[in-house]
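First to last, the protein sequences are chains A and B.
Per our numbering, the first sequence starts with residue 126, numbered consecutively.
Per our numbering, the second sequence starts with residue 2, numbered consecutively.
Backbone N, C-alpha and C fix where the C-beta goes; we use that ideal spot for every residue, glycine too.
Keep in mind that this is a model prediction, so the values were computed, not measured.
Inspection log for the structure reproduced underneath, given as structure tokens.
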Amino acid sequence: MRTKLAIAALAALAASRAVAAPAAQEMMQGGNVFAITCSSSFCHGEGGVGARGPSLLNRNFAPDFVRSTVTNGRSGTPMPSFKDSLSAHEIDLVVDYVMSLSPNNHNAGAGPAAPAPASAPPPTPLNKQAEAGRKVFFDLARTGSCAACHSYKQEGGPIGADLTGVAKRTPHDLYKAITKPTVPDADYPVATVTAGGTTVTGIVKQKTEKIVQLYDLSSVPPVLRSFYPADGIKVGDAAATTPIYAHDLSGYSKDELASVIAFLKSAAGPSKDVTPQELAQP
Amino acid sequence: MGMIRQKSARRIGAWMGAAALAVMTFANAAQAADTPQTGSDWPGFFGDNRAQSYSPLDQINSKNVAKLQVAWAFQTGETTLGATPIVVDGIMYLLAPNNHLFALDATNGQVIWAGKREIPSGTLGGVGSSTGLAMGFGLLFQGTRDNHLVAVDAKTGRDVWDVQIEDYRQCKCTTSFTPIMAGDKVVVGARGDVAHRGYISAYEAKTGKLAWRFYVIPAEGEPGNDSWPKDIWNVGGGSTWYGGSYDPELNLVYWGVGNPQPMLNAASRPGANLYTDSVVALDAATGKLKWFYQENPNDSLDYDSAPEPTLLDIQHDGKTEKLLLHANKSGFTYVLDRATGKYVAGWPHADKITWNKGLDKDGHPIDPVETQLGVEKLICPSLYGSRAGNHSTYSPKTGLWYNTSFETCAYTKAMPVMQGKEGDMIMGGFIRPVRSPDTKPFIAAFDPLTGKRKWTVPTEVPNVSPLTSTAGNLVFGGDVFGNAYALDATDGKKLWSFPTGSGISASPITYSVKGRQYVAVPSGLQGAPATLIGPLWPEAAKKVPPVGSTLFVFALPEKGPADAH
Numbered sequence: 126m127r128t129k130l131a132i133a134a135l136a137a138l139a140a141s142r143a144v145a146a147p148a149a150q151e152m153m154q155g156g157n158v159f160a161i162t163c164s165s166s167f168c169h170g171e172g173g174v175g176a177r178g179p180s181l182l183n184r185n186f187a188p189d190f191v192r193s194t195v196t197n198g199r200s201g202t203p204m205p206s207f208k209d210s211l212s213a214h215e216i217d218l219v220v221d222y223v224m225s226l227s228p229n230n231h232n233a234g235a236g237p238a239a240p241a242p243a244s245a246p247p248p249t250p251l252n253k254q255a256e257a258g259r260k261v262f263f264d265l266a267r268t269g270s271c272a273a274c275h276s277y278k279q280e281g282g283p284i285g286a287d288l289t290g291v292a293k294r295t296p297h298d299l300y301k302a303i304t305k306p307t308v309p310d311a312d313y314p315v316a317t318v319t320a321g322g323t324t325v326t327g328i329v330k331q332k333t334e335k336i337v338q339l340y341d342l343s344s345v346p347p348v349l350r351s352f353y354p355a356d357g358i359k360v361g362d363a364a365a366t367t368p369i370y371a372h373d374l375s376g377y378s379k380d381e382l383a384s385v386i387a388f389l390k391s392a393a394g395p396s397k398d399v400t401p402q403e404l405a406q407p
Numbered sequence: 002m003g004m005i006r007q008k009s010a011r012r013i014g015a016w017m018g019a020a021a022l023a024v025m026t027f028a029n030a031a032q033a034a035d036t037p038q039t040g041s042d043w044p045g046f047f048g049d050n051r052a053q054s055y056s057p058l059d060q061i062n063s064k065n066v067a068k069l070q071v072a073w074a075f076q077t078g079e080t081t082l083g084a085t086p087i088v089v090d091g092i093m094y095l096l097a098p099n100n101h102l103f104a105l106d107a108t109n110g111q112v113i114w115a116g117k118r119e120i121p122s123g124t125l126g127g128v129g130s131s132t133g134l135a136m137g138f139g140l141l142f143q144g145t146r147d148n149h150l151v152a153v154d155a156k157t158g159r160d161v162w163d164v165q166i167e168d169y170r171q172c173k174c175t176t177s178f179t180p181i182m183a184g185d186k187v188v189v190g191a192r193g194d195v196a197h198r199g200y201i202s203a204y205e206a207k208t209g210k211l212a213w214r215f216y217v218i219p220a221e222g223e224p225g226n227d228s229w230p231k232d233i234w235n236v237g238g239g240s241t242w243y244g245g246s247y248d249p250e251l252n253l254v255y256w257g258v259g260n261p262q263p264m265l266n267a268a269s270r271p272g273a274n275l276y277t278d279s280v281v282a283l284d285a286a287t288g289k290l291k292w293f294y295q296e297n298p299n300d301s302l303d304y305d306s307a308p309e310p311t312l313l314d315i316q317h318d319g320k321t322e323k324l325l326l327h328a329n330k331s332g333f334t335y336v337l338d339r340a341t342g343k344y345v346a347g348w349p350h351a352d353k354i355t356w357n358k359g360l361d362k363d364g365h366p367i368d369p370v371e372t373q374l375g376v377e378k379l380i381c382p383s384l385y386g387s388r389a390g391n392h393s394t395y396s397p398k399t400g401l402w403y404n405t406s407f408e409t410c411a412y413t414k415a416m417p418v419m420q421g422k423e424g425d426m427i428m429g430g431f432i433r434p435v436r437s438p439d440t441k442p443f444i445a446a447f448d449p450l451t452g453k454r455k456w457t458v459p460t461e462v463p464n465v466s467p468l469t470s471t472a473g474n475l476v477f478g479g480d481v482f483g484n485a486y487a488l489d490a491t492d493g494k495k496l497w498s499f500p501t502g503s504g505i506s507a508s509p510i511t512y513s514v515k516g517r518q519y520v521a522v523p524s525g526l527q528g529a530p531a532t533l534i535g536p537l538w539p540e541a542a543k544k545v546p547p548v549g550s551t552l553f554v555f556a557l558p559e560k561g562p563a564d565a566h
């Protein structure tokens, strides 16, 4: 379905999609209004596949929900109200068109304005310090940015541990883990590969007879490098004391590290300030 | 025309004779050897690193192009084809939608290897991604939908390195239309018209190590940061979504920077908003800003400077004038000294321009129109641009620059801005696009220094395909109705066309293998401008065929035994 709808206007004008009702002519008009108003390259994308805004394919919205969203917008999201920009007829056309993007829609019968949850409820807002910490965590402009390797709630790098689960640990404990990471870490084995005269040391992603993949941490963001035993490479274990896990914190102040810790701790509940004193005290 | 400085106009006049004889020169032969060049190959998205989309091949030319026939076709199995293939040493590399990468024998389309990367959910909606490749050191460089830059062994298709540029879930961004080569580095932009601090990154081609990253918005304490309000600069936009060029002699990378955010509400971000809507020149070794030229300060109309910076070398009194030509979505083209960024000339490449009263002596817009809160104004061109990601071409042989104009307008208004976080889409306004009331879309040939038109060919609807020129005195392109075509480069006359059966929005290329020249045309309509055809040209849209995904490759009939059959 998605593929057929890759281009809204064209799909609409080709009218090749099987749509029982409304009439093909109206669907084409709806597709046109949608293309001009909702899809542009910035929002719901060509054919509603989603660009910067959410995808509208197979969302099984109830029609009243679509109508009220188009008419009044959705507060707390970038979705604006179109009641001043589109006529009532045009809104009808858009609603029909959006409904047609969910061909197996069990909510399609009129019914009450059943809310179709467009996204998870907004998370509890972070306090000022935790928000600053979130920015530091994800700021790839900084050497050694946390998110280059680590993820938080699945966002970030795939190399180190996901840090959503560390919220219950004390600020001191987290500070220690940041400044003096455990070496070695059995979950993240280190290996060296010598190929074509150069040796690369990195964290092993996979090591099979066919392929050896290492995260090369000698630059940020880390590079996943692939080597092939068939090419005659040499694979060795790196010394357990390898400094590969060390975090380069030279660009970070203690206050910034405290803010990152406040951010990480906020996964367990409303965010609270973390003071530099707490970092020092077990 | 008042667009050009008097002094420049005189200087330019003196150049005119020489322009026709312009030749590309590389002072440093050693650097040139490392630099992909068109010849028998088409080694990059824009051909070579000058972003001219020009080939010196002339076996196919204005005298024989009518005899072109299909040599082979290749169906990707995908549903659109917005990709520009590259060809190096007889092998074609094609990046089809959904991270689907093919290596094909460029003489017959046989698959040498194919690879498909997994695409996680929530990546950008497919448009514009999977379009361009760069190649160097035996490696192919591919930007992925999920915002990684990947190096693949060109011989085997095996992964060599893979780096996550930034988490796409965080930035709601992906890679630019294409990476480019700059010496031993591969340079890539960040695409995403959202609240984000745009950048251009360079990676060591052999290892994938980040060499530098240039943020297109200066940080606090850096020059230019004061052109932004305090709390907006770090989400101020500046998507570097298209592709750049590289001058090995000056060792400079050139890249166009997109619009600021929130897009249509300039009052929410008082200041010039540097370096959005600018062309930037960066030291290829360090990423340091050498110069910038801002075309639209405090833009409220989405007039990106993202289109390709084309490098022109014009011979004058035995000296090579090193220029950069750059089209803005606003309908204006700018010519700059590419060593210094100094403004040389500026002129309109579109017919319908209502947003200013021309350019002043430094190329700055005179009395630019701004969007108004809650009040619609009819502004031309529309935010879809006089053109967008459909590149122009410059032929050193004719000395002409070829470009398209969409000729659309839009009722545009600003709307109150909601404070957003990184990755949010904040339009800050609303538009209703319409056709230009009194002009028609066209393709035209321009004198690059004066903007004087050599010829203009009207098109029924906007021509959304890029253009490619050759030494065979030809300009190749394709229309939304599916016709691949060749125009005579000197007068615009259509000399050849072929119905591919699906609209064309990607670039024709040309290359040669074992002495036979080929022209490849990707067929499979995609991209934002194409979505305007249905609503704005409904009568013509009825003729637009369904979307396909096929590469057609043409050549002249082979002489010899085959003719006997």
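Should residue i go down as buried or exposed, given a rule of 16 or more other Cβ atoms within 10 Å for buried?
{"i": "residue 414 (chain B)", "result": "buried"}
{"i": "residue 367 (chain B)", "result": "exposed"}
{"i": "residue 239 (chain B)", "result": "buried"}
{"i": "residue 214 (chain A)", "result": "exposed"}
{"i": "residue 324 (chain A)", "result": "exposed"}
{"i": "residue 396 (chain A)", "result": "buried"}
{"i": "residue 71 (chain B)", "result": "exposed"}
{"i": "residue 188 (chain A)", "result": "buried"}
{"i": "residue 188 (chain B)", "result": "buried"}
{"i": "residue 565 (chain B)", "result": "For residue 565 (chain B), the predicted model reports a pLDDT of 43, less than 50, meaning its position is unreliable; a value from the coordinates is still stated below. Per the 10 Å Cβ criterion, exposed."}
Using DSSP bridges, identify the partner residues of residue i.
{"i": "residue 410 (chain B)", "result": "B:435"}
{"i": "residue 144 (chain B)", "result": "B:150"}
{"i": "residue 403 (chain B)", "result": "B:394, B:446"}
{"i": "residue 102 (chain B)", "result": "B:96, B:116"}
{"i": "residue 246 (chain B)", "result": "B:255"}
{"i": "residue 322 (chain B)", "result": "B:315"}
Beta-carbon of residue i versus every beta-carbon of chain B: anything under 9 Å?
{"i": "residue 386 (chain A)", "result": "no"}
{"i": "residue 341 (chain A)", "result": "yes"}
{"i": "residue 157 (chain A)", "result": "yes"}
{"i": "residue 329 (chain A)", "result": "no"}
{"i": "residue 348 (chain A)", "result": "yes"}
{"i": "residue 353 (chain A)", "result": "yes"}
Using a C-beta cutoff of 9 Å, does residue i count as contacting chain A?
{"i": "residue 257 (chain B)", "result": "no"}
{"i": "residue 117 (chain B)", "result": "no"}
{"i": "residue 114 (chain B)", "result": "no"}
{"i": "residue 423 (chain B)", "result": "yes"}
{"i": "residue 407 (chain B)", "result": "no"}
{"i": "residue 162 (chain B)", "result": "yes"}
Assuming contact is defined by CB atoms lying nearer than 9 Å, are residue i and residue j in contact in what I supplied?
{"i": "residue 215 (chain B)", "j": "residue 135 (chain B)", "result": "no"}
{"i": "residue 287 (chain A)", "j": "residue 208 (chain B)", "result": "no"}
{"i": "residue 155 (chain B)", "j": "residue 139 (chain B)", "result": "yes"}
{"i": "residue 350 (chain B)", "j": "residue 245 (chain B)", "result": "no"}
{"i": "residue 378 (chain B)", "j": "residue 412 (chain B)", "result": "yes"}
{"i": "residue 537 (chain B)", "j": "residue 384 (chain B)", "result": "no"}
Strictly under 9 Å for the Cβ-Cβ distance: is residue i near chain E by that measure?
{"i": "residue 162 (chain A)", "result": "No chain E is part of this structure, whose protein chains are labelled A and B."}
Hey, quick one: how far does the alpha helix (DSSP H) through residue i stretch, first residue to last?
{"i": "residue 508 (chain B)", "result": "No alpha helix (DSSP H) holds residue 508 (chain B); DSSP gives it neither H nor E."}
{"i": "residue 171 (chain B)", "result": "169-172"}
{"i": "residue 224 (chain A)", "result": "213-225"}
{"i": "residue 380 (chain A)", "result": "379-390"}
{"i": "residue 500 (chain B)", "result": "Counting along the chain, residue 500 (chain B) falls outside any alpha helix (DSSP H), though it belongs to the beta strand (DSSP E) covering 495-500."}
{"i": "residue 300 (chain A)", "result": "296-304"}
Just reading off the beta strand (DSSP E) that residue i is part of, what are its end residues?
{"i": "residue 295 (chain B)", "result": "290-295"}
{"i": "residue 337 (chain A)", "result": "337-341"}
{"i": "residue 372 (chain A)", "result": "Segment: none, residue 372 (chain A) is in no beta strand (DSSP E) and carries neither H nor E."}
{"i": "residue 360 (chain A)", "result": "359-362"}
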